[in-house]
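The structure under discussion appears below in the form of C-alpha cells.
2 protein chains.
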Amino acid sequence: MLKLNFNEEGLIPVIAQDYRTGEVRMLAWANEEAVRKTLETGYAHYYSRSRKELWKKGESSGELQRVLEIRVDCDEDALIYIVEQEKNRACHTGERNCFFRNIQGERIEKPLPFEALPRLQEIIQRRLEEKPEGSYTVKLASEGLDKVIQKFGEEAVETLIALKNREKGEILYETADMLYMLSLALTLNDIDVKEVMEELIKRMK
Amino acid sequence: MLKLNFNEEGLIPVIAQDYRTGEVRMLAWANEEAVRKTLETGYAHYYSRSRKELWKKGESSGELQRVLEIRVDCDEDALIYIVEQEKNRACHTGERNCFFRNIQGERIEKPLPFEALPRLQEIIQRRLEEKPEGSYTVKLASEGLDKVIQKFGEEAVETLIALKNREKGEILYETADMLYMLSLALTLNDIDVKEVMEELIKRMK
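Next up, the structure:
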C-alpha cells in the first residue's frame with residue numbers, strides 16, 4: 001500500500017467521483033483512520049473538520065457511497081474515491097452533487113459530454129416512472145419494444161446515410177437520434193448504459 | 001460572483017476535471033489571485049505551496065488547461081475547473097493525469113465507464129496514426145469509409161436482433177461492436193465523440 005502524505009492536521013483531501021456518471025459528488029477530507037475504515041468496509045468514510053470526528057458518509061441520510069477503488073495522486077497527497085452513490089444524491093442541500101453552481105452563482109443545468117449517456121438514461125427512467133403528459137419517450141415506450149427497436153433501426157440507417165454523405169451536422173443529428181433510441185431500448189431491457197461501457201472497456205488493450 | 005471561503009493560508013482546493021473524458025487531471029490549490037487570473041485569461045492558474053508563488057499550469061511544459069467553467073461547492077470552499085487539457089497530459093511525471101495509481105500502488109490500466117467512448121476514440125486515433133502491424137482498426141480503415149459504414153450497419157442490425165431477443169449478454173456484445181464501428185466512422189469523418197454528446201445535451205430539458 002502507498003504511504004500517504006497527510007497534512008500537518010493529519011488530513012488528506014478526497015474527491016468522491018461517481019463511477020457511472022463521472023461527476024464529482026463532493027470534496028471532503030480523510031484522516032488515516034477514515035481511509036482505513038473505507039478500505040475495511042468498502043464504504044466512504046471521511047473526517048469532519050468542523051465536528052472533529054470520523055464520519056461515515058450517508059450514515060444518517062442513507063446517501064452511502066460504495067467505494068470501488070481508491071486512487072492516489074503523484075505526490076501521494078490527494079485521493080479519489082471512485083463511488084457508487086446511493087440515492088443518486090450526495091449533497092446535504094439535497095442536490096445530486098455539491099458542485100451545482102458555477103462561480104457566478106448560477107445553477108448548472110446541463111451535463112458535461114462524458115455524463116451525457118448516463119444522464120440521458122436517468123431522464124428516460126424518470127419519464128417512464130412519472131409518465132408526464134405529452135412525453136415522446138412515454139408514447140414510444142407505450143407502443144412496445146418492437147416499435148422502439150424499429151425506430152432504432154430507422155435512426156441507425158439515417159446515421160449510416162449521414163456518414164456516407166459526410167455531412168457533419170447531419171451526422172451529429174442522426175447519431176444523437178440513434179443513441180436516444182438505443183438508450184430507450186436498453187432501458188426497456190433493464191440494461192444500464194454503464195454495462196455497455198464496461199463491455200467496451202473489457203476489450204481495450 | 002460567489003464569495004469563496006479560502007482557508008487560513010488564503011487557499012482553496014481546486015479539482016481540474018477534463019471536459020471531454022471526465023477524468024480528474026489533478027488536484028491543486030488556488031489563492032484569490034490565481035482564481036482571478038484564471039477568470040481573466042481563461043487558462044488555469046494555481047498557487048504553488050512549495051514555491052510559494054502563483055503558477056500558470058503548463059507555462060513551461062505546454063500542458064495548458066483552457067478553463068471552460070469554474071464550479072463551486074455548497075460550502076464555497078472547493079472548486080472544480082472544467083478544463084480542456086493541452087497535450088492530453090497533465091502530470092509532471094508525464095502521465096495523462098496525476099491519479100494513475102490505486103492505493104495498492106498498482107497502475108490503473110483501464111478507463112471508467114464514463115470515459116469509455118472518448119478513450120476508445122483516442123485508441124482509434126492512435127492506431128490510425130501509428131498503423132501497428134495486425135491492427136483490425138487499421139485494416140478496416142484502409143478498406144475505406146464505405147467498408148466501415150457497411151460494418152456499422154451490420155452491427156446495428158445485430159444489435160437490433162439482440163434487443164429483439166432480449167438476451168442481455170448478446171445485447172451488450174453487439175452494442176459494443178456497433179459503438180466501436182460508429183466511433184471509427186466518426187473518427188474517419190473527423191468528428192469528436194464529445195460533439196455527438198454535445199448534440200444530445202443540447203436537446204435535454
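Protein sequences, first through last, are from chains W and B. Counting in full-length UniProt numbering, the first sequence runs from 1 upward without gaps. Counting in full-length UniProt numbering, the second sequence runs from 1 upward without gaps. For every residue, glycine included, the Cβ atom is placed at its ideal position computed from N, Cα and C.
Item to check | Sequence-distant residues of the same chain with beta carbon closer than 6 Å to N5 (chain W), five excluded per side | outcome: E76, D77
Next on the checklist: Taking 7 Å as the threshold (beta carbon to beta carbon), is Q85 (chain B) in contact with chain W?
Outcome noted: no
Checklist entry - Hey, would you say Y43 (chain B) sits closer than 7 Å to N31 (chain B), going by beta carbons? => result no
Checklist entry - When you compare each of W:G22, W:S61, W:M181 to P113 (chain B) by their alpha carbons, which one comes out closest? => result W:G22
Item to check | Short CB-CB distance (under 7 Å) between R71 (chain W) and chain B | outcome: yes
Checklist entry - Run through DSSP, which three-state label would S50 (chain W) get? => result coil
Checklist entry - What residues in its chain sit with their C-beta under 7 Å from that of S135 (chain W), if we drop five residues either side in the sequence? => result R127
Checklist entry - In whole angstroms, what is the alpha-carbon distance linking F99 (chain B) and M1 (chain W)? => result 15 Å
Item to check | Extent of the continuous alpha helix (DSSP H) run through Y19 (chain B) | outcome: Per DSSP, Y19 (chain B) belongs to no alpha helix (DSSP H) and is neither H nor E.
Next on the checklist: Could you tell me the alpha carbon to alpha carbon distance between V138 (chain W) and K131 (chain W), rounded to whole angstroms?
Outcome noted: 6 Å
Checklist entry - Looking at the structure shown, is P118 (chain W) part of a helix, part of a strand, or coil, going by DSSP? => result helix
Next on the checklist: Taking its Cβ as the centre, do 16 or more other Cβ atoms sit within 10 Å of R166 (chain B), making it buried, or is it exposed?
Outcome noted: exposed
Checklist entry - Mind pulling the chain W residues with CB within less than 7 Å of V24 (chain B)? => result I15, Q17, I80
Checklist entry - Should K194 (chain W) be labelled buried (16 or more other beta-carbon atoms within 10 Å of its own) or exposed? => result buried
Checklist entry - Going along the chain, which unbroken runs of the beta strand (DSSP E) with 3 or more residues stay wholly within the UniProt region "Phosphoribosyl-AMP cyclohydrolase" (1-116) of chain B? => result 12-18, 24-30, 45-48, 53-56, 65-72, 79-85
Checklist entry - Below 7 Å between beta carbons: does that hold for residue 221 (chain W) and E84 (chain W)? => result Within the shown structure, residues of chain W are numbered from 1 to 205, placing residue 221 (chain W) beyond reach of any answer.
Checklist entry - What are the start and end residues of the alpha helix (DSSP H) that includes I171 (chain W)? => result 168-188
Checklist entry - To which residues of the same chain is L79 (chain W) closer than 8 Å at the C-beta, ignoring the five residues directly before and after it? => result L4, I12, P13, V14, I15, A30, V35, I70, R71, V72, D73
Checklist entry - For the stretch 140-173 of chain W, which residues have a beta carbon sitting closer than 7 Å to at least one beta carbon of chain B? => result I149, F152, G153, A156, L160, L163, K164, R166, K168, I171, L172, Y173
Item to check | Under the three-state DSSP convention, the category I191 (chain W) falls into | outcome: coil
Checklist entry - Could you give the distance in angstroms between the alpha-carbon of N102 (chain W) and the alpha-carbon of G10 (chain B)? => result 20 Å
Next on the checklist: Only counting the same chain, and skipping five residues up and downstream in sequence, which positions put a Cβ closer than 6 Å to that of L145 (chain B)?
Outcome noted: L188
Checklist entry - Are the C-beta of R20 (chain W) and some C-beta of chain B separated by less than 7 Å? => result yes
Item to check | Beta-carbon neighbours of Q196 (chain B), restricted to chain W and to distances below 9 Å | outcome: The sequence given here places Val at residue 196 (chain B); Gln does not occur at that position. By Cβ distance, chain W contributes P113, A116, I171, L172, T175, A176, L179.
Next on the checklist: Any beta carbon from chain W within less than 7 Å of G105 (chain B)'s own beta carbon?
Outcome noted: yes
Checklist entry - DSSP on R127 (chain W), reduced to helix/strand/coil? => result helix
Checklist entry - Just to confirm, are I82 (chain B) and L163 (chain W) a CB contact at a threshold of 7 Å? => result no
Checklist entry - With R89 (chain B) and E109 (chain B) assumed to form a contact (beta carbons below 8 Å), what rounded beta-carbon distance in angstroms separates them? => result Actually they are not in contact, since the Cβ atoms of R89 (chain B) and E109 (chain B) sit about 17 Å apart, beyond 8 Å.
Checklist entry - Along the chain, where does the alpha helix (DSSP H) that runs through E143 (chain W) open and close? => result Here E143 (chain W) belongs to no alpha helix (DSSP H), and DSSP marks it neither H nor E.
Checklist entry - Helix, strand or coil: which one does DSSP assign to M204 (chain W)? => result coil
Checklist entry - Hey, how far is the Cα of V196 (chain W) from the Cα of T175 (chain B)? => result 7 Å
Checklist entry - Roughly how many angstroms separate the alpha carbons of R96 (chain W) and I124 (chain B), rounded to a whole number? => result 34 Å
Checklist entry - Is it buried or exposed for G153 (chain B), if we count other Cβ within 10 angstroms and need 16 for buried? => result buried
Checklist entry - Under 7 Å, do L182 (chain B) and A116 (chain W) count as touching if we go by C-beta distance? => result no
Checklist entry - For the putative contact between L184 (chain B) and L140 (chain B), defined by C-beta atoms under 8 Å, what is the C-beta separation to the nearest angstrom? => result 6 Å
Checklist entry - Would you say P118 (chain B) and R20 (chain B) are within 7 Å of each other, going by their C-beta atoms? => result yes
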